[in-house]
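Novice: I'd like to ask you about the structure that follows.
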Amino acid sequence: MDVNWLDANYLAWLIPVPPLISFMLIILFTGRNKVLSHSIAVGSVVLSFLMAFGVFLKATGTDDFGFHETTLRIFGDDITWMDVGLSEFKMGVAVDPLTAVMLFMVPIAMLMIFIYSVGYMGAYPDDDPHKIRYSRFFAYLSLFAGGMLTLVVADNLLLLFMGWEIMGLCSYLLIGFLFEKKSAQQAAVKAFMTTRVADVLMLVGIGYLYAEAGTLKFHEIFFANNAEIIERLGNADQTGYIGLSAASIIGLLLVIGTIGKSAQFPLHAWLPDAMEGPTPVSAMIHAAAMVSAGVYAVIRVFPLLEAGGNPHHAEYTAPLILMGVIGSITALGAAILGVGQNDIKRVLAYSTISQLGFMVAALGIGAYVAAAFHLITHAFFKALLFMSSGAVIHAMEHGEHAAEHGHGHDEHGHDEHHTHDEHAHGHGSYTWADLNAKIEHGIEAGHLQPGERTPYGTDYVGPNGELPDDAEWKTSIPQGLKPDFVAKPNNIALMGGLRHKIPVTAYAMLAGSASLVGFPLITAGFWSKDEIIADAMTFITNSGQFEGHSPWLHMLVFFSLVIAATFTAFYTTRMWLLTFWGKPRSAMAEHATLMNHVDPEELAKAQTSTKKFWLQYSNSALMQGPLVVLAFFAIFAGFVGIHGDFPVLEWFTGSHNFFHEFVGASLLHEPATVPFKIWPVLVSVLAFSIGAGFAYVKYGVPRDSYEKDPVQNMVGDPVWQALKDRFGFDTLYLATFYRGFEWFGRVFSYRKVDKETIDGILETVAVVFNNIGEAIKRFNHVIIDGVGDGIPQLIGLSGRWFRNLQSGRVQQYLLFTAVMLLAIGLFFVLRVL
Amino acid sequence: MVPLWFYLVVSAALFAIGAYGALARRNAIAIVMSVELMLNAANINLVAFWRYLNPFEINGQIFAAFVFIVAAAEAAVGLALIISIYRSRQTVIVEDVNMLKW
Amino acid sequence: MEITWQTIAFAAFAVMTLGGGLMVVISRNLWHSALFLMLSLFGTSGLFVLLVAPFLAAVQVLVYIGAIAILVLFAIMLTRRMMGLEETQNTQWPAAAAVALVLFLILFVTVSPLVDEQWFKDIFGGDEKDSLGQRISRLNADLPVDTDERDENGELKVKPNDQLNFVTVEAIGEALVTRDGFVLPFELASILLTAALIGAIVVAREDEA
Amino acid sequence: MPELMQFNTDDTRGFLAILPEILMTILVLIVIYMDLFLPPSRRKSVGYMAGVGMLVIGGLAWLIVPADGLKVSEQLVLGGMVRSDDLAKIFKVMVALVGGLTCLMGMGDIRLRYKGEFYALIIIATMGASLLSSAADLVMVFISLETLSISLYVLSGFVRRPETPNPTEEAFASRSAESGMKYFLFGAFTSAFLLYGLSLLYGFSGGHTNIYRIGQALAAGEQDTAPIILALMMVVVGFGFKISVVPFHFWTPDVYEGAPTPVTSFISVVSKAASFAVLTRFLLAVFPPEQLISVPLDQYKEFSEIWVQLFSILAVITMTLGNIVALSQRNIKRLIAYSSIAQAGYTLMGVAAIATTKSGDGAAAVAYYMFMYVFTNTLFFACIILFTNATGSETIADMAGLSRRNPWLAMGITIALLSLAGIPPTAGFVGKFLLFRAAVDSGLTWLAVFGVLNAIIGLYYYLVVIKVIYVDRSPDDEKPIDLPAPYGFVMATSTVAVVLLGTFLIGPIVNWASEAGLDLFRL
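Chains as they are written, first to last, in the numbering used here: chain A, 1 to 833; chain B, 1 to 102; chain C, 1 to 209; chain D, 1 to 523.
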């Protein structure tokens, strides 16, 4: 067969393949060799990047690419995957404009993350778990990348879902990467279970869609020449149940999948905890890949969500309302919570949740191009921010070590006479034995009391001074994930003045922060956020369009997002200022540096100055290099989406909004461009100025670590505590999980439940059963007052009954068998007689 | 002449007696004997049906003959297993053989 | 119903079968149980004779009584320490009895034509639309050889002197080895017996040591 | 009474239909003689002979093509004893291959390795299963079922007391004997019910033993309904015992725990698969939907409605109970016992869907599900044997850190569990998909909903094991586990099968299964 493998149709197939192969190679063969492992991983992403870039270039070079009248202008192909009797199921890839821009963003961000990971992971001492499982980390990361790229190029919902699930698995593995820490384990389980609950509903939605439409291919469902499918699905009279059209029900289920994956309220609680994973993972999950995947999937199926309604005329369908309301709540709530965090990664976590809320809210009012635009820019600047924070934390850990050993700030060879063992302690290594030794030491020295929190993670000291082992996880859960605990190197209250220690990181992070807060005109974040706000506002002011419908959702979205933007500006500025501005507020910050731990003898042996430099600065360079690249995109990526009629910049845009016109061709119909108005821009600028200005006033002055936070002074201790406790959501969830688990154990497990094996996983089942149980209970209370716990007790009784059944006595089994036979037999015989 | 259903009732009664024995006897050997009774009841059915309904085809009798074979094999294996458990536990009381449970 | 030697013999064998069976399950002495088992099996053998299945009757005596019951006796002797048990029934015997009774009642109701009697329907209710008539005729069926059914040539289908031996041992033997008869299950049965033989030896053999 | 169905008297077809079983008989003889005459040092080759021989027979069975497009009466050979159709073939291939893999697995068990009887009995049991899946006569159904069962009673109680005192081995032998006895008592009791049911069917169909003739007779509506239903119930007890349907499942966990692990594996796959085959065939033949009656009838009597209801209910109870009780198991073999109960529940959805889909999708789903299930469970048990041999433990908690002791082993368990949980790209996903689809297509959507809910519950306990293997630490982390050659082969074969069945082989196997399903609906 004559196949041109460089043809974009075939390249698209191959894009996800190298990382997947890399995963297998590393896991199976090269696990022992760290350098080879990371080379394979980085190499595979480079390969994917090159192919993806080729496809991207070809896509942008094609006229009217992806326009729905010209279906052929889409790359990709498919094969028959499953021939199921009456119908056959096809699997394939397709590149349309939306995929093309994702293929631009995702590989670049991933490549940067991979390179950064080499430096980040390499900076740990040899006996640290990070270093011990070095190769495995790159294997997981590769699999993750493969999953994301599969998701992006998929031409149908099932393949998309497969990529989605691969990522779910990887996020579980990566968040729990430091599984010696119980908090990491619990966070991993929490993330996995929360997203799974949503995934299952999403799968139900996919199944329903397949049953109704007979296909899952995007271009067969959402394309113009097949519009009748969408029309039929959107018509509540023809399809669906309880007054909702099939499209709405499917849409709701799919949106719930996104709510889980993109950490939207109320399934957002896993994301801040997911910060337990290594920082590159946070960048990967929270910026470039997983959470974006949720939004990406919704954009993909957008025609389905709005089927039967029209958000531009304020005819909202159920999924749109769900997205608008959830997105607004999330954007605003998370932004407020971001103010109260002192953990640098948690601030970013909340900001991620909040920004995703922006996108989801934008989708709710039909501004899907704006959402896609924000998705791209956000990926760049949030990856940048996360990776910067990782560099900051590394520098702080290094400073902690240096400070502990009483070293001054010495530019050269500052750790000349330290062995590797001491490094290990200085770096807060997490091996189990290490932690226990530390705690014993702490108790002997009187620093720690049994039952007190250890300084080495979120674990608690057990009653006898040891770390609570797995068998006691149940009792330690309610406190185990206490949300307000901040590990030392992550605490921005202890930082300050770092711009002198790690200038590259500082200014890269400044670029990222500026983009996040939407610094007017010159940052990517400004343009994308502005477009969302403009979309919301324009329709409010232009109410003639609504034909009597109230644009309440637009209003809700507009006001929440503007307030959220103000808060965003405030907490981001606060974070940056606390980290880099002023003077160092602790010894760690004083000694912070990103230089390698290098054996002085080796350094002395180094011949050339290049080699010396590399020995000392390799990690620093590997970590900060990618930051610079991403900083570039964080600033300039926005210029592709400037509104065509923006004053002064018209000469640049030529009255075209490139991004809008390119991506708009992806879906069923091209969305109308919002006419340019100056008011939204002014509102954006105002929000930024108020937030950032206020933060500068409060935090721009030098301050000490023991001083109360200005915000705390302002709002009072109770509110501050509520912010730190994340409004009590986590505690509430934990309490429910915990209680539910107990209930479940009592009812269904007929002997001592094996806590060790069941671990956190049963929690979520328990929640479901707990809720069912509660519902039954309520029902009982209401309907049959006085019966009370009747039904739960009945279930409990049957649980004990089951226990008696499997007694090991074979004649009892026989008896029961015979009784059941007679019962069933009598039932049927009497029915027919 | 004896009508068919007389035989069937005898067979049913024998089957029920066997079932009772299998459910209620403590001794494993007694349970084996009870199961033999149940198989025997089925055999009475087979032969009676054959005789009254389709005596020109041989299959009913053949079926019964095969039941003999199976009963013999079952008894041999079952008693061997009982002797084996007797060796390791010194009991053939079925209730007491309940190490594997839950 | 006319009292003939057949009905008398039937009653005797039925009592032997059922009484023996009952004693098997309630006798306190296991040894007695085994002997009653033989009695019950012998009664069954008698029923087979009444049903004109002499071959099966012989096999019943040879295989069941001659082999299986003897095997049981051997097993009892090998485990003889367990023979003198005071309690022969376990604690669930009332439930077992109830199950057995219900089982019998269900079977009885299903196979006996009494269900079709008007008095039964009056008590338990019954559905008119179900054509129970055929079942009555079948269950009340007398031997089909008493009919004077004729084939197309006007010959009696069953010759009068065929009445008691229309199936001979020869026919059974032939069916067991004919390709379109029962040769396959027959061969399989030989393998089954081999397996049981091997298995019983493997499981019950005394250790060499 | 309609005219009787005729049988095919062609010699060649009859021979081909039972060729795999003939070869198995020869193999049994070879194995027994090898065991007798080989010196102890070379006994190992007995296992290879048995295992590889069975795999070859499985391959041959695959190659024997039943002539397509034949009518039922042309497929019924050897006096109507067996029907040689695609459904029989798919199950024959399945049981022969898995029987071979079980022989190879037995080679790793120190208590079975040098026992020629073990291999002989496994082959005989497989032969019983193989004939059971094609049986078309009550006599054949009963005797092949008993061949399978009786061999398995022996195999469960196979481990004998050691000649020298040794507490571990004695405990092992004691548990094995107990499981053998329980299996026997339960099996004998239920097979008595089965036989009684068969005798009622024989009588109330007017004296037929061929199931297709019985089907004709019953559908002609000349019989009373009640005894037929009673017979159906009793037959269901017999088959339900073999496939561990709740409430006839009680033996399952006890026997699974006590029997030697290769035998447990065999019970959970071969015996179950063949029983599903015969159940499917039996129900459709004896209680056929109207379109399956080959001769015109004056009045047609429908029984299929009853068993569709019965099996729907049983399916729901079975999967729910299996999954819920599995949640709290600590012993890995008991866990998999409950899991196999749950899997039987899923498969029963396909059985319930048989009568209501005319295209044979239900039967196809059952065939495909069993095909993937036997390999998945075999893979799982091979891994468990390795683990047990190395650690002497069967508790889940002791599997901690397995991924660091032998990554291949951990991967095998993971793939098997993912397949059981129905996660793509493993075969289990496709299997569940087909079952749910069959249920939905035949108007049993509520059943499919129960299936999906149960799949969610099931996910948790499967994932627990995976989590223990990969995340938990144990003091033995540094002690690697060896992978002996026969196991490597078993694991590789079944892993490849599980993954291929979920990816590239979906098309061919589903086609094959659909053919098999259609065959059942051909007159």
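Note that CB positions come from ideal geometry on N, CA and C, so glycine has one too.
Within the 9 Å Cβ cut-off, does C/F55 reach chain B?
Specialist: yes
Novice: Taking the runs of the alpha helix (DSSP H) that are 4 residues or longer, which of them lie wholly in the region 83-165 of chain A?
Specialist: If we require 4 residues or more, the alpha helix (DSSP H) runs fully inside the region 83-165 of chain A come out as 97-122, 129-132, 134-153.
Novice: So for D/N331, helix, strand or coil by DSSP?
Specialist: strand
Novice: Excluding five sequence neighbours on each side, which residues of the same chain lie with their C-beta closer than 7 Å to the C-beta of D/G401?
Specialist: Same-chain partners within the cutoff: D472, R473, S474, D476, D477.
Novice: With DSSP as the reference, please indicate the residues paired to D/T395 in a beta bridge.
Specialist: Paired residues: D/N331.
Novice: Answer with yes or no whether the minimum CB distance from B/E74 to chain A is below 9 Å.
Specialist: Answer no: the Cβ-Cβ gap between B/E74 and chain A never drops below 9 Å.
Novice: A/L822 touches chain C at which residues, Cβ-Cβ below 8 Å?
Specialist: By Cβ distance, chain C contributes V99, V102, L103, I106.
Novice: Mind checking which residues open and close the alpha helix (DSSP H) that includes D/I162?
Specialist: For the sequence presented, residue 162 of chain D should be read as Pro rather than Ile. It is not in any alpha helix (DSSP H) - D/P162 carries neither H nor E in the DSSP assignment.
Novice: If I measure Cβ to Cβ from C/L188 and keep anything under 8 Å in the same chain, skipping five residues before and after, which residues do I get?
Specialist: Counting only residues of its own chain and dropping the five nearest sequence neighbours on each side, C/L188 has no CB closer than 8 Å to any other CB.
Novice: Given a limit of 8 Å on CB to CB distance, which residues of the region 27-41 of chain B reach chain D?
Specialist: A28, I31, V32, V35, M38, L39, A41
Novice: Start and end of the alpha helix (DSSP H) containing C/S190?
Specialist: 183-204
Novice: Enumerate in chain order the residues of its own chain whose CB-to-CB distance from A/K190 is below 6 Å, with the five nearest sequence positions on each side excluded.
Specialist: W270, D273
Novice: Straight-line CA distance for A/G512 to A/T505?
Specialist: 10 Å
Novice: Taking Cβ-Cβ distances below 8 Å as the criterion, which residues of the region 6-34 of chain C are in contact with chain B?
Specialist: The residues in question are Q6, T7, F10, A14, T17, L18, G21, L22, V24, V25, L30, S33, A34.
Novice: At least one CB of chain A closer than 9 Å to the CB of D/Y470: is that the case?
Specialist: For D/Y470, a Cβ of chain A is located within less than 9 Å of the residue's own Cβ.
Novice: Throw me the rounded Cβ distance for the C/T110 and D/A226 pair, which I believe falls under 8 Å.
Specialist: 5 Å
Novice: Between the region 135-153 of chain A and the region 291-305 of chain A, can you find at least three pairs of beta-carbon atoms closer than 8 Å?
Specialist: yes
Novice: At least one CB of chain D closer than 9 Å to the CB of A/E397: is that the case?
Specialist: For A/E397, the answer is no, since every Cβ of chain D falls outside 9 Å of its Cβ.
Novice: Interface residues of chain C around B/R51 at Cβ under 8 Å?
Specialist: L51, V52, A53, L143
Novice: For C/M38, count neighbouring Cβ atoms within 10 angstroms of its own Cβ and tell me buried if that reaches 16, exposed if not.
Specialist: buried
Novice: Cutting at 6 Å between CB atoms, please list the residues of its own chain near D/F239, excluding the five before and the five after it.
Specialist: S275, L279
Novice: The region 443-458 of chain D: which residues have C-beta closer than 8 Å to a C-beta of chain A, in chain order?
Specialist: V452, I456, I457
Novice: Cβ atoms of A/F373 and A/H660: under 9 Å apart, would you say?
Specialist: yes
Novice: For C/T178, count neighbouring C-beta atoms within 10 Å of its own C-beta (all shown protein chains included) and say buried if the count is 16 or more, exposed if not.
Specialist: exposed
Novice: With a cut-off of 8 Å on the beta carbons, I'd call A/G234 and A/A247 a contact; round off their distance for me.
Specialist: 4 Å
Novice: Would you mind telling me which residues of chain D sit closer than 9 Å to B/A22, beta carbon to beta carbon, in chain order?
Specialist: L185, A188, F189, A192
Novice: Find the residues of chain D that neighbour C/T44, judging by a C-beta separation of less than 8 Å, and give them in chain order.
Specialist: Under the 8 Å cutoff, chain D gives no residues; its nearest Cβ is about 14 Å from C/T44.
Novice: Strictly under 9 Å for the Cβ-Cβ distance: is C/A95 near chain A by that measure?
Specialist: Yes, because at least one Cβ of chain A sits closer than 9 Å to the Cβ of C/A95.
Novice: May I ask you to list, following chain order, the residues of the region 245-260 of chain D that have a beta carbon less than 7 Å from some beta carbon of chain G?
Specialist: Of the chains in the structure shown, none is chain G; the protein chains are A, B, C and D.
Novice: Quick check on DSSP: helix, strand or coil for A/L11?
Specialist: helix
Novice: Which residues, in order along the region 309-321 of chain D, keep a beta-carbon less than 9 Å from a beta-carbon of chain A?
Specialist: So the list reads Q309, L310, I313, L314, L321, given in the order they occur along the chain.
Novice: With a threshold of 16 other CB atoms inside 10 Å of the CB of A/T523, please say whether the residue is buried or exposed.
Specialist: With 16 or more other Cβ atoms inside 10 Å of its own Cβ, A/T523 counts as buried.
Novice: Would D/T395 and D/V270 be called neighbours here (beta carbons separated by less than 9 Å)?
Specialist: no
Novice: Nearest by alpha-carbon distance to D/N8: which of C/G181, C/L78, C/I198, C/A200 is it?
Specialist: C/G181
Novice: For a test of the three-state rule: what should DSSP assign to A/K217, helix, strand or coil?
Specialist: strand
Novice: Can you give the Cα-Cα distance for B/E36 and B/G18, rounded to whole angstroms?
Specialist: Straight-line Cα distance between these residues: approximately 8 Å.
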